[in-house]
Each structure stands twice: as C-alpha cells, then as structure tokens.
Amino acid sequence: APRHPMTRQCCRRAFLRAAFLGAGTMTSPEKGYHFEWTATEPTLCQTLGKLLEKSGLPVHEHLRKGQNVIYLKGAQQIADVLTLMGASGAMLQMENIRIQEQMRGDANRASNCDEHNAERMITAAQQQVEAIKLISIQRGLYTLPPALEQVARARLEHPDMSLVELGQLLEPPVGKSGVNHRMRRLLAIAAEIEANMQQEIPKEEQP
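Per our numbering, numbering of the sequence shown is gapless, rising by one per residue and ending at 370.
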C-alpha cells in the first residue's frame, strides 16, 4: 500500500503499474476481455478499488482460493485502465484487434447499402474512432462530460454503425442530429489535443 496520498497523476500511474507487475494479469484480447489483480493483502484491494472508482472504473471483487481478486470486465474499461497506467501502446493494440473483429463480423451490413454512401459512412466512422482513441490515450474517456463519454464508448463498441443506429443505443436514445453534434464536439476535442501536442514539439523536431 502507498505511504502517502496519491494526489498526483504520476503517483497513481506508478502505483497501478507496480500493482499490475506484482499481482496483475490480463487476458489476450483475441480470446476475451478480463483484467485482474490477485492480492494477498486486503489493503491492496481497498486501495486499488478506491483509486479505480475515483477514475470512473467500477470494479468487481471475489475470493478465489482464499485470495482477494479485484477485476474489470469489458473492453472499454480495460482500455481505460491501460490508459491510466500509461500503457497507451497496449491499449491501441487491444483497440485495433477489437475494431478489426467487429468490422469483419459486420462487413455484410455495408454491402447492403449504396456503395458510395457506405464508403462515406465508413470513412466518417473511422475518423471518429481515431479521434476518440486519441482522446482516450491522452486524457482518458472518463474525463469527458457524460453525454460525450457515452457516445464515444458506443462508437468504439460499434465502429460500423450509422449515427441513427448509434443513437438508439444511448440512454436515453438520441436522434441523428444529436449524435452528429456530439461527434463534432469529440472531433473538436481531438483537434485541440493534436494542436497542443504540436506546440509541445521542439521547433527543431518539427518538419
């Protein structure tokens, strides 16, 4: 357990990394989505639970062979914890595998549409996915307002859906114009992040 309050992002990141290296496991995303810590000390579970819940990640706990296990289920929750740990490369790899599987599984949907409209929809969806992934890596989706976080997670879960279909998944459902408005706000946030990243690059390193 930490010896002082983890008020700084770098401290929380270091603690999560150390806890994962010492007691964590993650299922291969090609087989399923499961991320857990097995702790011999109850205080570790308590600290992890509080830290993750403060970051918008509700955790689950159970006993396995007398040991405390704290775990996350679901691809997006696991992507968020990888972001919190600073493991952006692993998060990107997992997201790419998940999106490729979903795109292959739903490829027939696009073939039933007008080819030009289908291509435009897929291109727009890909741009939205890339923007959301950038936000997730740099800031974490849990930092977004609830309405934007909800549509961002829905888009990552369903990269091939139209805006109308996506809106029906939200709670409460949102029409096409409402979903489109939220997507424009997400694209603007991603553009702002990219601009800030460019400003942080030393002039001699810029092309």
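Note that beta-carbon positions come from the ideal geometry of N, C-alpha and C, so glycine has one too.
| query | Apart from the five residues on each side of it in sequence, which residues of its chain come closer than 7 Å, Cβ to Cβ, to Ala242? | reply | Met254, Met257, Glu258, Ser299
Considering Met189, what are the terminal residues of the beta strand (DSSP E) in which it resides? 187-189
| message | Along the chain, where does the alpha helix (DSSP H) containing Lys228 start, and where does it finish? | response | No alpha helix (DSSP H) holds Lys228; DSSP gives it neither H nor E.
Distance between Gly341 and Gly252 (C-alpha atoms, nearest Å): 32 Å
Worksheet item: Short check: CB of Gln290 to CB of Leu332, under 9 Å?
Response: no
Quick check on Pro370: does DSSP put it in helix, strand or coil? Residue confidence for Pro370 is low, a pLDDT of 49 falling below 50, so the modelled location carries little weight and cannot support an answer.
Checklist entry - Looking at the structure shown, is His167 part of a helix, part of a strand, or coil, going by DSSP? => result With a pLDDT of 48 at His167, under the threshold of 50, the modelled position of this residue cannot be trusted, and the question is left open.
| Grouping DSSP H, G and I as helix and E and B as strand, with all else coil, what is Thr203? | coil
### Query
Taking just the CA atoms, how far does Lys228 sit from Glu357?
47 Å
(Q) I want to know whether the region 293-308 touches the region 322-330 - three or more CB-CB distances under 8 Å. (A) no
| message | Looking only at its chain, what residues have a beta carbon closer than 7 Å to the beta carbon of Thr188, apart from the 5 residues adjacent to it on each side? | response | Glu199
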